[in-house]
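Novice: Sharing a structure here in structure tokens format.
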Amino acid sequence: MRTAHRTCPLCEAVCGLRLTLDDTGHVTSVKGDPDDPFSRGFICPKGASLGRLDEDPDRLRAPMVRTGQSWAEVSWEEAFRTVERGLTSVIEAHGRQSLAVYLGNPNAHSMAGALYGAPLIRALGTRNVFSASTADQMPKHVSCGLMFGDPLAIPVPDLDRTDYLLMLGANPLESNGSLCTAPDFPGRLKALRARGGRFVVVDPRRTRTAALADEHLFVRPGTDAYLLFGIVHTLFAEDLTSVGVEVEGLAEIRELAAEFSPKAVAELCGVPAETVERLARELAAAPTAAVYARIGTCTAEFGTVAQWLVDVINVLTGNLDRPGGVMFAKPAVETGRRRRPYTTGRWHSRVRGLPEANGELPVATLADEIETPGEGQVRALVTVAGNPVLSAPNGARLDRAFGGLEFMVCVDPYLNETTRHADVILPPPPVMRTPHYDFALLPFAVRNYTRFSPPVLPPEPDRPAEAEILARLTMIASGQGAQADPALLDELIIDQMLRRAVETPGSPVEGRDPAELRAGLQGGTGAEQRLDAMLKLGPYGLSLQALLNAPNGIDLGPLRPRLAEVLCTASGRVELAPPQLVEDVVRLRGRLAAPPAEMVLIGRRHLRSNNSWLHNVGPLVGGSNRCTLQINPQDVARLGLDGHAVVRSAAGELTVPLEPTDTIMPGVVSLPHGWGHAGSAQRVAAEHAGVSVNTLTDESEVDVPSGNAVFNGVPVTLAPI
Numbered sequence: 001m002r003t004a005h006r007t008c009p010l011c012e013a014v015c016g017l018r019l020t021l022d023d024t025g026h027v028t029s030v031k032g033d034p035d036d037p038f039s040r041g042f043i044c045p046k047g048a049s050l051g052r053l054d055e056d057p058d059r060l061r062a063p064m065v066r067t068g069q070s071w072a073e074v075s076w077e078e079a080f081r082t083v084e085r086g087l088t089s090v091i092e093a094h095g096r097q098s099l100a101v102y103l104g105n106p107n108a109h110s111m112a113g114a115l116y117g118a119p120l121i122r123a124l125g126t127r128n129v130f131s132a133s134t135a136d137q138m139p140k141h142v143s144c145g146l147m148f149g150d151p152l153a154i155p156v157p158d159l160d161r162t163d164y165l166l167m168l169g170a171n172p173l174e175s176n177g178s179l180c181t182a183p184d185f186p187g188r189l190k191a192l193r194a195r196g197g198r199f200v201v202v203d204p205r206r207t208r209t210a211a212l213a214d215e216h217l218f219v220r221p222g223t224d225a226y227l228l229f230g231i232v233h234t235l236f237a238e239d240l241t242s243v244g245v246e247v248e249g250l251a252e253i254r255e256l257a258a259e260f261s262p263k264a265v266a267e268l269c270g271v272p273a274e275t276v277e278r279l280a281r282e283l284a285a286a287p288t289a290a291v292y293a294r295i296g297t298c299t300a301e302f303g304t305v306a307q308w309l310v311d312v313i314n315v316l317t318g319n320l321d322r323p324g325g326v327m328f329a330k331p332a333v334e335t336g337r338r339r340r341p342y343t344t345g346r347w348h349s350r351v352r353g354l355p356e357a358n359g360e361l362p363v364a365t366l367a368d369e370i371e372t373p374g375e376g377q378v379r380a381l382v383t384v385a386g387n388p389v390l391s392a393p394n395g396a397r398l399d400r401a402f403g404g405l406e407f408m409v410c411v412d413p414y415l416n417e418t419t420r421h422a423d424v425i426l427p428p429p430p431v432m433r434t435p436h437y438d439f440a441l442l443p444f445a446v447r448n449y450t451r452f453s454p455p456v457l458p459p460e461p462d463r464p465a466e467a468e469i470l471a472r473l474t475m476i477a478s479g480q481g482a483q484a485d486p487a488l489l490d491e492l493i494i495d496q497m498l499r500r501a502v503e504t505p506g507s508p509v510e511g512r513d514p515a516e517l518r519a520g521l522q523g524g525t526g527a528e529q530r531l532d533a534m535l536k537l538g539p540y541g542l543s544l545q546a547l548l549n550a551p552n553g554i555d556l557g558p559l560r561p562r563l564a565e566v567l568c569t570a571s572g573r574v575e576l577a578p579p580q581l582v583e584d585v586v587r588l589r590g591r592l593a594a595p596p597a598e599m600v601l602i603g604r605r606h607l608r609s610n611n612s613w614l615h616n617v618g619p620l621v622g623g624s625n626r627c628t629l630q631i632n633p634q635d636v637a638r639l640g641l642d643g644h645a646v647v648r649s650a651a652g653e654l655t656v657p658l659e660p661t662d663t664i665m666p667g668v669v670s671l672p673h674g675w676g677h678a679g680s681a682q683r684v685a686a687e688h689a690g691v692s693v694n695t696l697t698d699e700s701e702v703d704v705p706s707g708n709a710v711f712n713g714v715p716v717t718l719a720p721i
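Every letter in the sequence shown is one number past the one before it in full-length UniProt numbering, and letter 307, counting from 1, is 307.
Here it is in structure tokens:
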């Protein structure tokens, strides 16, 4: 028996794990790592099942090539040659704008996904870039990009020091946190209350998180922006503002908020005017306070406006960039300051004219680009760790569209609802044989921290690492061919990184010889050498060896004020009234008098699930982790329902089992995300198939500034079977 340590890669909490393995490499135990300075032994059911996930018998062990409806295992060399032939054929016939790429959520939890996603996109040479971001968090990126100049400059609540936390549309006791990396989120919230702080949750459901709070307020789905504007209105009307940073647009915000008084918004959002006013007063009066909103507010019609108003309130109450407020993490690896202020809409989608954001187009228009004939029609698709048939709006349409592609290649460990359309599936190795570093998540940590996990088990013979798979795809896409050495890609990237660093004024290696720096890099693979370089160039001067010497992780201290370091707007100030968002307020104002839908649909998270990719692990399905439609008993009686119901929307219909509960407000129903595995090759998932909520979501509805899909507040009707 032996013990190994690694970071859990199954959600955003980055918990440290302590694994016990027998002499064959089988994981016999997974527990929280008590010596991790950030997670301090916390573990959830997902992390505890990591060994079962790794040993899932339905994971693909070899590349698969499809001929008609049959699949065959092939060698890696044959698989890459097939990819080269398929992509080359489409490029020669239709050009590079006929290619598209989709990057799924697990890329944020993967060292290889973070390092090789951008080079792969550049090599494909297409503007048809899609990802799970526009089904999740793009409104926050856009609002922060417009306010602070950088879409990755996302302030997070200083959970361990705040006196007051207002949380909207988030359920971290189930999700473990999102765009707010905080292991043991439940413990941190309990500590907030134990030290005399106040915690308020605004949500259409009385979630486990809401049940822990001092106060829970029901709110009509999709109306968070109105509630937040009501708070802004009150802060100005009662002279409660205390702005502590340099800003532009303060007078304009005051003028915009004038029409959104608590009385004007109360009926629409379902929160009494006096409660809205009280929230504003409590935020202003608290010694420190933070407003935090997540996926429930992002995936709504006014997602970007809501995210913008969250940080407007944080600014107006004097809580931006101060301890106990909202702050910017300082990770050990930084990608560098933006050189130009942020903008969106540098190009638009071919069919619907939707604007680009962060270099990608809304996934809500992917089916349009595949199905609509004409120059630039998408004919080939590369997916990496994604299952958009279940995760994107109107997944049933995407399912049909993928069947019409000329070529499709997927990097994925499973034959699932999306990859079944592929011509080639390239499965990465299991987690235990893969190194891990959280490039994507540590920039949003509530405490500065870093940790590297080397592989727990050695590589399998003749099986490439995930980094090599993506590097070889990149070489093929760039025209270098299937036989090109993938190590050349790492060398090129390292050379460019070091040359840029020595030429950058103020860099820790300014003026030094790139060749000398290259010779000093450590790591057994190109990916590890790139990490070593990034750590050495980072703000703490760390190295890969330093992280290897600290297998439980390194505490880098509490968050500190650093707005001046991250701010890169044209004015050099926080932009409180970006024109794109001011323009969308006109649309928001136009909805004030619109009657609400009689019944709307929202999503739901489960503690033992993460989108669609953990439903094949026995211990993680069943129990409370079920695909049911939560509905208030009043609505059950009013509509004459019993047991099951037919749910219809503009996009489709489903027959679903009902779960009556008073934890959801009347007029709202909730169906969890990521299910719909009927007929799946994943046997456990097929036995607990459920239905896909995205049969009901309408791809024609998006948040205008960001293009994010609308999953919350979807109008539906219910009828007995």
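We put the CB at the ideal spot given by N, CA and C, even for glycine.
Quick one: any contact between the segment 693–707 and the segment 126–146, if contact means 3 or more CB pairs under 8 Å?
Specialist: yes
Novice: Is the number of C-beta pairs between the segment 664–681 and the segment 624–635 that are closer than 8 Å three or more?
Specialist: yes
Novice: Assuming L548 and D532 form a contact by the criterion Cβ under 8 Å, report the distance between their Cβ atoms to the nearest whole angstrom.
Specialist: 10 Å between Cβ atoms; not a contact.
Novice: By a C-beta neighbour count over all protein chains shown, 10 Å radius and 16 as the cutoff for buried, is M327 buried or exposed?
Specialist: Counting Cβ neighbours within 10 Å, M327 comes out buried, since at least 16 surround it.
Novice: In terms of alpha-carbon separation, which member of T628, G676, L316 and H673 lies closest to L658?
Specialist: T628
Novice: In this structure, does DSSP put D555 in helix, strand or coil?
Specialist: D555 falls in the strand class under three-state DSSP.
Novice: Cα-Cα, which of G538, D399 and I313 is closest to H233?
Specialist: I313
Novice: Have a look at V691 and L473 and give me their C-alpha separation to the nearest angstrom.
Specialist: 33 Å
Novice: Would you kindly check if the distance between the Cβ of V424 and the Cβ of V409 is under 7 Å?
Specialist: yes
Novice: How many Å lie between E215 and N171 at the Cα?
Specialist: E215 and N171: Cα-Cα distance of roughly 14 Å.
Novice: For M665, name the three-state secondary structure that DSSP assigns.
Specialist: coil
Novice: Please go through the same chain and pick out, in chain order, the residues whose beta-carbon is closer than 6 Å to the beta-carbon of A445, but skip the five residues on each side of it.
Specialist: T181 and A329
Novice: Starting from the C-beta of A650, find all residues in its chain whose C-beta is less than 7 Å away, skip the five residues before and the five after it, and write them out in chain order.
Specialist: D698
Novice: Using the rule of at least 16 other Cβ atoms within 10 Å of the residue's Cβ for burial, across every protein chain shown, is E255 buried or exposed?
Specialist: It counts as exposed.
Novice: Ignoring anything shorter than 4 residues, give me the alpha helix (DSSP H) runs that lie fully in the segment 101–125, in order along the chain.
Specialist: Fully enclosed alpha helix (DSSP H) runs of 4 or longer: 111–124.
Novice: Please tell me whether V647 and L654 are closer than 7 Å, where the distance is taken between their beta carbons.
Specialist: yes
Novice: Which ranges does the beta strand (DSSP E) cover as unbroken runs of at least 3 residues, wholly within the segment 536–581, from first to last along the chain?
Specialist: 554–557
Novice: The beta strand (DSSP E) spanning H673 covers which residue range?
Specialist: Careful: H673 lies outside any beta strand (DSSP E) and carries neither H nor E.
Novice: Can you tell me where the alpha helix (DSSP H) holding A284 begins and where it ends?
Specialist: A273 to A285
Novice: Give the single residue among V310, L537, A257 and Y226 whose Cα lies nearest to the Cα of P272.
Specialist: Y226
Novice: Measure the Cβ-Cβ separation of M432 and V456 and say whether it is below 7 Å.
Specialist: yes
Novice: Quick one: what's I425 bridged to in DSSP?
Specialist: For I425, which the question treats as bridged, DSSP gives the partners M64 and C410.
Novice: With DSSP run on the structure shown, which of helix, strand or coil describes W76?
Specialist: Helix, per DSSP.
Novice: Does the beta-carbon of R340 have 16 or more other beta-carbons within 10 angstroms, so that it is buried, or is it exposed?
Specialist: exposed
Novice: Grouping DSSP H, G and I as helix and E and B as strand, with all else coil, what is F260?
Specialist: Three-state result, F260: coil.
Novice: Between the segment 101–112 and the segment 461–477, do three or more beta carbon pairs fall short of 8 Å?
Specialist: Under the 8 Å Cβ criterion, the segment 101–112 counts as touching the segment 461–477, having at least three qualifying pairs.
Novice: Excluding the 5 residues flanking E598 on each side, which residues of the same chain have their C-beta closer than 7 Å to its C-beta?
Specialist: If the five residues before and after E598 are omitted, its C-beta is found closer than 7 Å to the C-beta atoms of G667, all from its own chain and listed in chain order.
Novice: For E360, does the three-state DSSP call read helix, strand or coil?
Specialist: strand
Novice: Helix, strand or coil for Y437 per DSSP?
Specialist: In the structure shown, Y437 adopts extended strand secondary structure according to DSSP, grouped into three states.
Novice: According to the neighbour-count rule (16 or more other Cβ atoms, all chains shown, within 10 Å of its Cβ), is H26 buried or exposed?
Specialist: exposed
Novice: Decide if L679 is buried, meaning its Cβ has at least 16 other Cβ atoms within 10 Å, or exposed.
Specialist: It should be pointed out that residue 679 corresponds to Gly in this sequence rather than to Leu. G679 comes out exposed.
Novice: Taking DSSP's pairing of strands, which residues face W71 in a bridge?
Specialist: Listed as beta-bridge partners of W71 by DSSP are R66.
Novice: Answer with buried or exposed for D490, where buried requires no fewer than 16 other C-beta atoms within 10 angstroms of its C-beta.
Specialist: buried
Novice: Given that a residue counts as buried once 16 or more other Cβ atoms are within 10 Å of its Cβ, and exposed if not, what is I721?
Specialist: exposed
Novice: Using the C-alpha atoms, what's the distance from Y342 back to V566?
Specialist: 12 Å
Novice: Classify L10 as buried or exposed, calling it buried when 16 or more other Cβ atoms lie within 10 Å of its own Cβ.
Specialist: With a threshold of 16 other beta carbon atoms within 10 Å, L10 meets it and is buried.
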